[in-house]
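Residue numbers (the numbering used here): 1 to 368.
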């Protein structure tokens, strides 16, 4: 079993559902209504999607949960890593008895027609760019079956089920392991930690360049690590940006201008939510825990926590970084800028995307 599959099984909730057809196309649209003991095996993907294997192929059916049954099941699972699934369950409780449930102003657990069109265009453009960069694509848009007058779902084909493993899920597993690690253990793992999260920053640069060059703009909140997947290619992994239902086409000039302004603000330390900053928490906590654990003594967090856990808790309590770093991490941040720019450069030439792949041995080192 590959590492990706091992991690996938740790963080996803399995189940069984009844499918009315031999082939995926015969089962659409599919709406999750509950478990079926004699049904087909599946795993969840977040709270509104299921992953299936049929006739040697892997598929993701997204937008299958208009009544919130799957969301409730996943939110109650000890394997769930996503706080937004738990938030969605809270919204369901507030709408108990409502026939048509909503979330963030949209139909709950499904997609609008605009969402499906956004995803179709974005995946077409991005997958073309990935192939140009010498990379295997993590998923292909297949179709967007209509559920009712305002609700749709999306079908994707994946190389393997574990191609849906999220970067955020790896981050949560890494936090748990490093939280239990001794100072010497973290020191030993530190080179691998820096390399992995540096490459995540580079993949962010790669993706931003590709999106801008194709005139596509995602929402700022959609840069969250849960929207990147770890897809295995040979003995390495790529960190691909997925989930493009809110990614709009606005034209190359407009997108380049807006992203250039975002990058400029980040360089001037005015954009605390810049996409790659989310990948600095864990390496910074590891550096402090390994080299300067005394820095955590003054933090207003639970003192029973390890130095690594204290740094993570400090940022979590402040809903993100209140400043660019807890300590004097100028050299560290400059390195991130360098690899971010390297990622952008790798998007400009044929087969250059392969330079960003992350060897599996790094992930094993962090989690062992």
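All C-beta atoms, glycine included, are put in the ideal place defined by N, C-alpha and C.
Practice task
Give the range of the beta strand (DSSP E) segment to which residue 41 is assigned.
Solution key: 40-45
Problem - Cβ neighbours of residue 44 in the same chain (closer than 7 angstroms, five flanking residues each side left out) - result: 12, 13, 50, 70 and 74
Handout entry: Residues that residue 103 bridges to, as DSSP identifies them
Key = 106
Exercise for the section: Check residue 301 in the structure and name its three-state DSSP category. Expected result: coil
Handout entry: Segment limits, beta strand (DSSP E) that includes residue 50
Key = 49-54
Handout entry: Reference residue 47, options 8, 311, 20 and 88, closest by Cα
Key = 88
Problem - Bounding residues of the beta strand (DSSP E) (the contiguous stretch that carries residue 14) - result: 14-17
Handout entry: Any chain D beta carbon closer than 8 angstroms to residue 67
Key = Absent from the structure: chain D. Only one protein chain is present.
Handout entry: Coil, strand or helix - residue 60 by DSSP
Key = strand
Handout entry: C-alpha distance - residue 366 paired with residue 143, whole-angstrom precision
Key = 38 angstroms
Handout entry: Touching by the beta-carbon criterion (3+ pairs, under 8 angstroms), the segment 101-116 and the segment 243-260
Key = yes
Handout entry: Three-state secondary structure assigned by DSSP to residue 69
Key = helix
Practice task
Measuring alpha carbon to alpha carbon, tell me which of 169, 259 and 214 ends up nearest residue 228.
Solution key: 169
Exercise for the section: Mind checking which residues open and close the beta strand (DSSP E) that includes residue 229? Expected result: 228-233
Problem - Through-space distance from residue 110 to residue 149, alpha-carbon basis - result: 12 angstroms
Exercise for the section: Just tell me which of 310, 275, 1 and 302 has its CA closest to the CA of residue 287. Expected result: 310
Handout entry: Cβ separation of residue 119 and residue 141, assumed to be a contact under 8 angstroms, to the nearest whole Å
Key = 6 angstroms
Practice task
Please work out which residues of its chain come closer than 7 angstroms, Cβ to Cβ, to residue 305, disregarding the five sequence neighbours upstream and downstream, and give them in chain order.
Solution key: 313
Problem - Which listed residue (66, 24, 61 and 242) has its alpha carbon closest to that of residue 33 - result: 66
Handout entry: Distance, residue 100 Cα to residue 63 Cα
Key = 14 angstroms
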